[in-house]
Amino acid sequence: MKKTLLLGTALITLVLAAAPLTPQNRMIVAILDFTNSTGDSANNYLQAAIPEMFSTNLAQNPAITVLERDRVEKLLKEKGLIMSGLAEGDESKIGKILAAEQLLTGSIIKAGTVLRIDVRLVEVATGKIIASEKHQCASVNEIIDSVDVLSETVLARLTGKPARIVRDIEPAVISVTGDSLVSMELLQENPYYLARSNKPYHFRTGFIAKELKMKKERVPLNICVVLDRSGSMDEQGKLDYAKQSIAFVIKNLAKSDIFSLVTYDDAVEVYIPPTAVTDKNALSEKVSKIETGGSTNLSGGMLEGYEQVKKNFKANQVNRVLLISDGLANVGVTEPDQIQQIARGQSKSGISISTFGVGQSFNEILMTGIAEYGNANYYYIDKPDKIADIFSRELKGLLAVVAQNCTLTIGFPEGGTIEGVSGYKYETTPGGIAIKLGDLVSEEKKLALIRIIPGAAQGARAVAARVTYTYDDVVTGRGRVTESRDAVITPTADQELISKNYIPTVLKDVDMFASTDLMQKTMEMVDSGRLDDAKKNLDTNLALMRGSLKKYQSRELKRQVLNIMEYKESLDQLSKSAAPGYKMEESDDYQRMQKSGRSSQYELMKKK
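For the working numbering, add 1100 to where a residue sits in the sequence shown, where the first one is 1.
Written out as structure tokens, the structure reads:
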């Protein structure tokens, strides 16, 4: 007769363990899904995502074996058991079946405006709670921090010793040698390369800035805000929030800065011509009187914004357009590729553009593309009341620029070929490629992963690639700075030598960018209605990240696990709730899922 076992908060979450289910001399731990007690279904994905991170952390300790989900489910199924909820005394039953000595479970609770993670460690033999801890968090990064802190507490209780987990293979503090605020990175996957092979080879390169301590004088700003005032901006107070944010920008400008404002609906108006910020109250008062109008001539507004910045263009100042829109371009130039090429052309003249997509009706692919080709930043603002916070992030960067016109030029002296670049757009040049990265701000990393096929080596060592770094130093007054570094490899037939010399940080990025590529393809599948294929892709991607986290402890990989599981949960819920004939893609929830998903991948690729 089939037995029924009621398990706790949902499915048991796991991590890959050693081959035997119950290896000797290692404590066996099973981790249950957490309960979402926040009352918000948007947090449902955390029920499984948080245990995933606990599994990764606890598995670092050689004294612990965390049970693998697939094997656990298989074993329970063989016993004719069904998992559906937790009843009193089930801990002992679970322990006997799985040979688990400890169970880890918990819940996610809303504590004011933040979340709180509560965790409990239960001894199977007695059913006693031997550890109970809690930690608050307000963002994705803080969720990761909270799980790390709680994991160390749990490990200390399990082993009886103080525990420290490896939180990230990337250095926590940006270190830059010398007096310069800017350093160049060239990190190769391996100093060795398999001789006479055509296997892709990776290296990571770019710029890193340390913290800029504010001086009395900073780089002047020449900015133009291009504001969508179409009729839809009247909804949910979007225009009012935008006006408040523009007033905030004005308040934080200096007399040496130049400010202008262009508004657009079906027509384009230079609402505030370029002016020195000497009377902030007058400027803010004028901004407060903007009212909504008709359609969305996004390209016209963008072009006029560039024209206003050009009127006061100078080197050694930040020349930028800030484009705000909540809708689709439906007047003027409406073809996305043409609009993106406008941004690309203007960036060559030294004017960058940041984009702010508000709500659920704008084209996020277009707005991201404009920002990427325009050498600045893209922001997704899902709710109007977040506009001020997002503008504050952009302004913080504008006020702390340490280098401008950052460019990587990569050549191949010994005949290598480029296979691809992850993280940034690139252009082909005679003999190589160029990557334009725009401005670099305080404590920022702008790093690209380069994939090449090295040329045939002519000697014992070969220059696989030569990277030339150029930028304008706007802090120390050194002017245009140029440095070059070589990615040198030694060809060898010794596979063991190669396997011993891989650099984990680069291989982590290889996996991370493979995952972001897979997520982009997944979202395209969803857009085309291929939901079953998309769900298979998500499972494949999650398996990739689980495997990668076993090798490389990385906050970026943990963020991606959260991204994948959040998207998977949202897609599952939308699929289940769709009635016959219902056009899922027309719903706000669908648009929010796609925009949030693409935004999270953009931020991960840019290492924000």
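Ideal Cβ positions, reconstructed from N, Cα and C, are used throughout, including at glycine. None of the values given here were measured: they were computed from a predicted structure.
Ser1454 versus Phe1413 - alpha carbon distance: 17 Å
Given 8 Å, three or more beta-carbon pairs between the region 1652-1672 and the region 1427-1436: no
Assumed close pair Glu1656, Met1612 - CB separation to whole angstroms, cut-off 8 Å: Their Cβ separation, rounded to whole angstroms, is 6 Å, which keeps Glu1656 and Met1612 in contact under 8 Å.
Contained alpha helix (DSSP H) runs [length at least 4] in the region 1372-1416, N- to C-terminal order: 1380-1387 and 1398-1410
Ala1354 beta carbon less than 8 Å from that of Val1377: In this structure, Ala1354 lies closer than 8 Å to Val1377 by Cβ.
Touch test, the region 1245-1258 against the region 1153-1168, Cβ-Cβ under 8 Å, three pairs minimum: With a cut-off of 8 Å, the region 1153-1168 and the region 1245-1258 count as touching, because enough Cβ pairs lie within range.
Distance cut-off 7 Å: Thr1305 Cβ against heavy atoms of the ligand SAM: Of ligands this structure carries none, so the ligand SAM is not represented either.
The region 1469-1485 in contact with the region 1283-1298 per 3-pair CB rule at 8 Å: Contact fails: fewer than three Cβ-Cβ distances are below 8 Å.
Local Cβ density within 10 Å of Arg1304, reported as buried at 16 or more and exposed below that: buried
Buried/exposed call for Thr1156, threshold 16 Cβ in 10 Å: buried
Of the listed residues Asn1381, Asp1379, Ser1452 and Ile1390, nearest to Leu1403 (C-alpha basis): For Leu1403, the nearest C-alpha among the options comes from Ser1452.
Straight-line Cα distance separating Ala1149 from Ile1243: 10 Å
6 Å CB neighbourhood of Leu1146 in its chain, flanking five on each side removed: If we look at Leu1146 and ignore the five residues flanking it on each side, its Cβ neighbours are Ile1208.
Beta-carbon gap between Gln1694 and Glu1464 smaller than 8 Å: yes
Residues near Ala1500 by beta carbon distance below 6 Å, same chain, minus five either side: Leu1312, Val1541 and Ser1542
Through-space distance from Thr1205 to Ser1395, alpha-carbon basis: 52 Å
Nonlocal neighbours in the same chain, by C-beta distance under 6 Å from Lys1234, ignoring five residues either side: If we look at Lys1234 and ignore the five residues flanking it on each side, its Cβ neighbours are Arg1216 and Asp1218.
DSSP bridge partner residues for Thr1590 (one or two, in chain order): Tyr1292
Alpha-carbon spacing of Lys1600 relative to Asp1609, whole angstroms: 18 Å
Pick from Phe1359, Tyr1571, Thr1590 and Ser1447 that is closest to Thr1507, judged by C-alpha positions: Tyr1571
CB of Ile1589 within 8 Å of CB of Ile1552, strictly: no
Identity of the residue in Ser1675, Gly1331, Ile1323 and Pro1591 nearest Leu1498 by Cα: Ile1323
Contact set for Glu1136: own chain, Cβ-Cβ below 6 Å, skip 5 residues either direction: Strictly speaking, residue 1136 in this sequence is Asn, with Glu absent from that position. The residues are Asn1143, Asn1144, Gln1147 and Ile1208.
Whole-number beta carbon distance between Met1153 and Lys1650, since they are thought to touch under 8 Å: So it is not a contact: roughly 13 Å between Cβ atoms.
Neighbour-count burial assignment, Gln1417, 16 or more Cβ in a 10 Å radius: buried
Buried or exposed by the 16-neighbour rule on C-beta atoms within 10 Å, applied to Pro1262: By the neighbour-count criterion, in which 16 or more other beta carbons inside 10 Å mark a residue as buried, Pro1262 falls on the exposed side.
Buried versus exposed, by CB contacts within 10 Å (16 or more), Thr1363: buried
Local Cβ density within 10 Å of Gly1629, reported as buried at 16 or more and exposed below that: By the neighbour-count rule (16 or more Cβ atoms within 10 Å), Gly1629 is not buried but exposed.
C-beta contact flag for Ile1510 and Tyr1292 at 8 Å: No, these two residues do not count as a Cβ contact at 8 Å.
Helix, strand or coil at Thr1138 according to DSSP, with G and I counted as helix: coil
Integer-rounded CB distance, given that Asp1365 should sit under 8 Å from Gly1405: Not a contact, Cβ separation roughly 15 Å.
Element boundaries [alpha helix (DSSP H), containing Ala1148]: Leu1146 to Leu1158
Euclidean distance between Cα positions of Gly1212 and Arg1220: When rounded, the distance between both Cα atoms is 22 Å.
For Lys1683, the three-state DSSP class (helix, strand or coil): coil
Among Leu1638, Gln1673, Ser1677 and Leu1674, the one whose alpha carbon lies nearest that of Gln1660: Leu1638
6 Å CB neighbourhood of Cys1237 in its chain, flanking five on each side removed: Leu1215, Ile1243 and Ser1246
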